[in-house]
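Here is the structure we will look at.
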Amino acid sequence: MLDLISRGAAETRTDLARQTGMARSTVAQRVDALIGFGLVEETEPGESTGGRPPRLLRLNTAHNCVLGVDLGATHCRVALLDIGGKPLASCETPIQITQGPHEVLAHVDARMHELLTRANRPLESVKAIGIGVPGPVEFATGRPVNPPIMPGWHEYPIPDFFTSRYNVEVLVDNDVNVLALGERRFAYPGSAHLLFVKIGTGIGCGIVADGRLHRGAQGSAGDIGHIRVPDAPHAVCRCGNTGCLEAVAGGAALAARLSAAGTPARTGHDVVTLVNQGDAAALRLVREGGRVIGDVLAGLVNFFNPEAIVVGGVMAQVHEPLLAGMREVIYQRSLPLATHRLTVVPSRSGEEGGSLGAGRLAIDHILAPDYINRALSTGQGAA
26 MLDLISRGAA ETRTDLARQT GMARSTVAQR VDALIGFGLV EETEPGESTG
76 GRPPRLLRLN TAHNCVLGVD LGATHCRVAL LDIGGKPLAS CETPIQITQG
126 PHEVLAHVDA RMHELLTRAN RPLESVKAIG IGVPGPVEFA TGRPVNPPIM
176 PGWHEYPIPD FFTSRYNVEV LVDNDVNVLA LGERRFAYPG SAHLLFVKIG
226 TGIGCGIVAD GRLHRGAQGS AGDIGHIRVP DAPHAVCRCG NTGCLEAVAG
276 GAALAARLSA AGTPARTGHD VVTLVNQGDA AALRLVREGG RVIGDVLAGL
326 VNFFNPEAIV VGGVMAQVHE PLLAGMREVI YQRSLPLATH RLTVVPSRSG
376 EEGGSLGAGR LAIDHILAPD YINRALSTGQ GAA
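Going left to right, the sequence shown walks through residues 26 to 408 as my numbering numbers them.
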């Protein structure tokens, strides 16, 4: 019922009874519980078809909001959204993830209070916080696990930083997963099976299966950057192995190859700049990198059969040569049935995709039946 109300598919108790097939008494009982919980409200009467005009049901967006946090190696993006998904306020600030969890999360905490002030919302209205971090995360506990670019964060209990201070739910996931969720919700809502490939310093993949994020048993699903590339046995990866995809086609790897060939470049951003300046060597390497990534993705297309492959990350800023190389191999190496309706496209959600996706992660949690039933059984209210 809450899903029907949140999507605008049911506006009255009569609508709910008709669409769910439940008895009116059952609908009334459950709607009253949702209103008491604070997630739903009844507003002014709707159009009458005879008799007393029905009151309209909608999400209680005035008293319930969430925070979406996108933490990168050098940035912090924070968005405040109501539980309907409408952005209320946002900000982006520079910060080094290497400063460690306490300083970075204190920074996030301060930004949260600033956004609440700008949106004129009380602290108590924040029901959940979603956080995306640039490293592997055990989703069940919200603890990063050996994150390569996050020294000092290994097994740090990120949710505890906030739950020890506020009455709030906290969800933590890796940045690629929240980007995939944001892209699917805000740019490709009709795609139930989608791969979001982030190509930056490293390479990762967020998997949306039947409209839901697929994380695997421990939360490491989609770590395609460490799939071995057969033709690159000597490429040393930061994970300690050789021949990993990101060690061959990631932004840092392409920059290193350009430097070795006499064109100075330190990062993926430098490679993007060179391509935009028309550097032929950079353009060639980006297209070659796209082919290598496409070879790995062709296997995923045959295995998973997605509707769309969406490419984001810093390297997606030069998506024309990158995606040309990817498409060339994907369509060549994948089965015709798997590619019949497949689209390979650049990200539409832009720089705010991570924070919006993290916010959506939080919204989905507090609107989930399991969470509401658990909260109702303990006598806790949302508002």
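We put the beta carbon where it would ideally sit given N, CA and C, even for glycine.
- Item | Check whether residue 381 and residue 374 have beta carbons under 8 Å apart | Mapped onto the sequence shown, residue 381 falls at position 356. Mapped onto the sequence shown, residue 374 falls at position 349. Yes. Within cutoff.
Could you pull the start and end residues of the beta strand (DSSP E) that residue 81 belongs to?
Indexing the sequence shown from 1 puts residue 81 at position 56. Its beta strand (DSSP E) spans residues 80 to 84.
Considering only the alpha carbon of each residue, which of 293, 257, 254, 221 lies closest to residue 335? Counting from one through the sequence shown, the residue named residue 335 turns up at place 310. Selected option, being the one with the closest Cα: 221.
Can you tell me whether DSSP reads residue 187 as helix, strand or coil?
On the sequence shown, position 162 is the one that residue 187 refers to. If DSSP states are grouped into helix, strand and coil, residue 187 belongs with the helices.
Checklist entry - By how many angstroms is the C-alpha of residue 108 removed from the C-alpha of residue 55? => result Along the sequence shown, read from residue 1 onward, the residue named residue 55 stands at position 30. Along the sequence shown, read from residue 1 onward, the residue named residue 108 stands at position 83. C-alpha separation (whole angstroms): 19 Å.
What did DSSP end up calling residue 128 once you bin it into helix, strand or coil?
In the sequence shown, residue 128 corresponds to position 103, counting from 1. Helix.
Comparing C-alpha positions only, which one of 285, 254, 279 sits nearest to residue 270? The residue labelled residue 270 in the question sits at position 245 within the sequence shown. Minimum Cα distance to residue 270 is reached at 254.
- prompt: Ordered along the chain, which non-local residues of its own chain (more than five positions away) have a Cβ less than 8 Å from that of residue 337?
  reply: Within the sequence shown, residue 337 is the residue found at index 312, counting from 1. Excluding sequence neighbours, residue 337 sits near 204, 208, 221, 222, 223, 224, 371, 372, 374, 378.
Bounding residues of the alpha helix (DSSP H) (the contiguous stretch that carries residue 18)
The requested residue 18 does not occur in the structure, where the chain is confined to residues 26 to 408.
Sub-8 Å separation of residue 53 and residue 38 beta-carbons: Start at 1 with the first residue of the sequence shown, and residue 53 comes out as number 28. Start at 1 with the first residue of the sequence shown, and residue 38 comes out as number 13. Yes.
- Task: Could you tell me the boundaries of the beta strand (DSSP E) in which residue 199 lies?
- Result: For the purposes of this step, residue 199 is taken as the residue at position 174 of the sequence shown. 194 to 199 is the span of the beta strand (DSSP E), which, as asked, contains residue 199.
**Message:** Distance check for residue 394 and residue 189, CA to CA, integer angstroms please.
**Reply:** Here residue 189 is taken as the residue at index 164 of the sequence shown, counted from 1. Here residue 394 is taken as the residue at index 369 of the sequence shown, counted from 1. When rounded, the distance between both Cα atoms is 25 Å.
Kindly indicate the opening and closing residues of the alpha helix (DSSP H) around residue 40. Locating residue 40 in the sequence shown gives position 15, where the first residue counts as 1. From DSSP, the alpha helix (DSSP H) with residue 40 extends over 38 to 45.
- By the 10 Å Cβ neighbour count, where 16 or more other Cβ atoms means buried, how is residue 155 classified, buried or exposed? What you label residue 155 is simply residue 130 of the sequence shown in a count that begins at 1. The residue in question, residue 155, is buried, as its Cβ has 16 or more Cβ neighbours within 10 Å.
Residue 394 lies in the alpha helix (DSSP H); which residues open and close that run? Within the sequence shown, residue 394 is the residue found at index 369, counting from 1. Where residue 394 is concerned, the enclosing alpha helix (DSSP H) stretches over 394 to 402.
- Within 10 angstroms of the Cβ of residue 261, are there 16 or more other Cβ atoms? Answer buried if so, exposed if not. Taking the first residue of the sequence shown as 1, we reach residue 261 at position 236. Looking at its Cβ environment, which holds fewer than 16 other Cβ atoms inside 10 Å, residue 261 is exposed.
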